[in-house]
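Numbering (the working numbering), first residue to last: 14 to 267. Cβ atoms here follow ideal geometry from the backbone N, Cα and C, with glycine treated the same way.
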């Protein structure tokens with residue numbers, strides 16, 4: 014049964030909700046939906062109290078390490094972490110309470126898979142503690158994996174072969190539909206259908222959820238093979254579409 018997985022997105026050390034497609038080097042173009050006056054550990058403690066597992070902390074650029082560590086201390090073993098993960102720091106985050114590390118840009122180079130790096134990271138932390146982020150954007154009729162703050166297209170498409178290949182290195186996928194991420198405009202139904210058809214391992218879909226109807230729609234399209242994370246639509250992040258209590262209750266259905 015599909016479950017809601019929580020998130021903590023950090024930017025400049027603050028919990029924020031950002032329109033993913035606006036994440037570029039030019040801060041003038043950044044579109045921020047929500048900036049919290051609460052610390053990261055407040056949200057981690059909330060998720061811990063409600064027994065929400067499999068969520069993630071994402072560091073969106075520099076200046077986020079302290080806030081990430083505070084969240085992990087509040088919920089040790091309860092959340093994954095991503096953002097700048099590589100072989101030199103992955104064990105640090107696991108030793109400080111992350112349940113798994115999430116990797117994306119580190120394992121790609123010039124649009125190609127940097128297989129040596131991927132294999133080395135999987136060998137270092139263990140497949141069971143590695144999550145690969147294959148967040149993607151649509152070009153033509155296909156979804157392409159994007160890296161470097163979701164600005165750089167790779168030549169890798171979301172397909173049965175792609176997901177089968179990467180599943181050999183990790184235990185889960187985290188996949189944002191970047192074109193709709195942060196917009197509360199509805200889910201990317203075609204991507205969700207592809208993921209449900211192709212993924213051989215647990216996969217979390219993110220992007221575009223606007224209300225509880227979308228959760229049930231994703232559950233149906235995903236054939237109970239996908240989990241979901243919700244950001245900007247949640248009331249705890251300033252949204253109006255989904256009450257956090259509703260999302261928690263969704264997980265505790267009989």
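May I have the straight-line CA-CA distance separating residue i from residue j, to the nearest angstrom?
i, j, result
"residue 127", "residue 136", "15 Å"
"residue 169", "residue 59", "37 Å"
"residue 262", "residue 70", "22 Å"
"residue 229", "residue 265", "14 Å"
"residue 22", "residue 234", "26 Å"
"residue 145", "residue 211", "15 Å"
"residue 65", "residue 91", "8 Å"
"residue 32", "residue 55", "22 Å"
"residue 104", "residue 231", "34 Å"
CB residue i to CB residue j, shorter than 9 Å?
i, j, result
"residue 194", "residue 153", "no"
"residue 15", "residue 204", "no"
"residue 109", "residue 148", "no"
"residue 161", "residue 101", "no"
"residue 83", "residue 112", "no"
"residue 208", "residue 176", "yes"
"residue 214", "residue 185", "yes"
"residue 150", "residue 138", "no"
Residues bridged to residue i by DSSP?
i, result
"residue 211", "The partner list for residue 211 (beta bridge, DSSP) is empty, contrary to what the question assumes."
"residue 196", "According to DSSP, residue 196 bridges with nothing at all."
"residue 24", "27"
"residue 68", "92"
"residue 119", "BP columns for residue 119 are empty, so no partner."
"residue 219", "189, 242"
"residue 155", "152"
"residue 255", "247"
"residue 45", "31"
According to DSSP, simplified to helix, strand and coil, what is residue i?
i, result
"residue 160", "strand"
"residue 134", "helix"
"residue 95", "strand"
"residue 105", "helix"
"residue 182", "coil"
"residue 61", "helix"
"residue 29", "strand"
"residue 188", "strand"
"residue 16", "coil"
"residue 175", "helix"
"residue 51", "coil"
"residue 274", "Residue 274 lies beyond the stretch modelled for the chain, which goes from 14 to 267, so this question has no answer here."
Rounded to whole angstroms, how far is the Cβ of residue i from the Cβ of residue j, which I believe are closer than 8 Å?
i, j, result
"residue 47", "residue 250", "5 Å"
"residue 95", "residue 114", "7 Å"
Checking contacts by CB at 9 Å: is residue i closer than that to chain B?
i, result
"residue 97", "In the structure shown, chain B does not exist; there is a single protein chain."
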